[in-house]
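Below you'll find the structure, written out as structure tokens, and then a few comments.
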């Protein structure tokens, strides 16, 4: 009895506040109210889903050379399980605000149809508003364990005045084998641990290079004022003749 009285009171107050149709309302009026309530509950989620574009996905496949042209991007190396054969290839997921997401004068182009592939981010906005509302996050997934996986040679550039950073997931096995890693541009920071590559080359203006326990054959670094911290691994391959070249203007 008390429950029925309580519900009757709630319904009465709702009708007085015009949140429910009157007692003598037709079924059509009640239906319209129910539809209105459903739209109020679900419409914000529908709008958000429609305006949030999915990330850009790239499967590098048989690429032997991959270029990432950035403008203030965060590049993060992450692990993903290898297939049972052990030859899965790296892939890219990128979240970039651009023309396709409603931010004008930011163009993203890709190519995955040849041995030489690229992801190009071009931000041509005015300097006063260049990075307002802009974000660029790139995840590169490296199959683990490496086994027969081949990481292509990587060429990463930064064209803007906002730092592009390169870092890795803790414990990631980043073994590039006979491939090389090359950095070029304005401001770049890189922080890698236990990486392996034939050659590391950097020609950057500013930023920082932190590569610890690295296995390599050649290192060539040219910079104006970037901070540099590099250490070599104790692997047997480091007993052969290696080449280290460093040029800093300040």
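Residue numbers (our numbering): 148 to 397.
Positions of the beta carbon are idealized from the N, C-alpha and C atoms, including for glycine.
The structure displayed is predicted, hence computed values, not measured ones.
*asked:* Taking the alpha-carbon of residue 333 as reference, which of 210, 220 and 264 has the nearest alpha-carbon?
replied: 220
_Here's the rule I'm using: 16 or more other beta-carbon atoms within 10 Å means buried, otherwise exposed. How should residue 298 be labelled?_
buried
*DSSP on residue 314, reduced to helix/strand/coil?*
strand
*Leaving out five residues before and five after residue 480 in sequence, what residues of the same chain have Cβ atoms less than 6 Å from its Cβ?*
The requested residue 480 is not part of the displayed model; the chain covers only 148 to 397.
*Please state whether DSSP places residue 246 in a helix, a strand or coil.*
helix
*Taking the Cβ atom as the reference point for each residue, do residue 207 and residue 228 lie within a distance shorter than 7 Å?*
no
*asked:* Under 8 Å, with one C-beta from each stretch per pair, do the segment 239-248 and the segment 300-320 reach the 3-pair mark?
replied: no
*Residue burial classification, residue 287 (beta-carbon count within 10 angstroms, cutoff 16)*: buried
*asked:* Considering just the uninterrupted stretch of the beta strand (DSSP E) at residue 204, what are its terminal residues?
replied: 203-206
*Rounded separation between residue 315 and residue 250 - CA only*: 28 Å
*At what residues does the beta strand (DSSP E) containing residue 262 begin and finish?*
Taken as a continuous stretch (DSSP letters only), residue 262 belongs to no beta strand (DSSP E), as it is neither H nor E.
*Please name the residue or residues paired with residue 394 in a DSSP beta bridge.*
369
*Straight-line CA distance for residue 262 to residue 317?*
30 Å
*Using a Cβ-Cβ cut-off of 6 Å (strictly less than) and excluding sequence neighbours within five positions of residue 267, which residues of its own chain qualify?*
216 and 256
*In whole angstroms, what is the alpha-carbon distance linking residue 342 and residue 320?*
7 Å
*Does DSSP classify residue 362 as helix, strand or coil?*
strand
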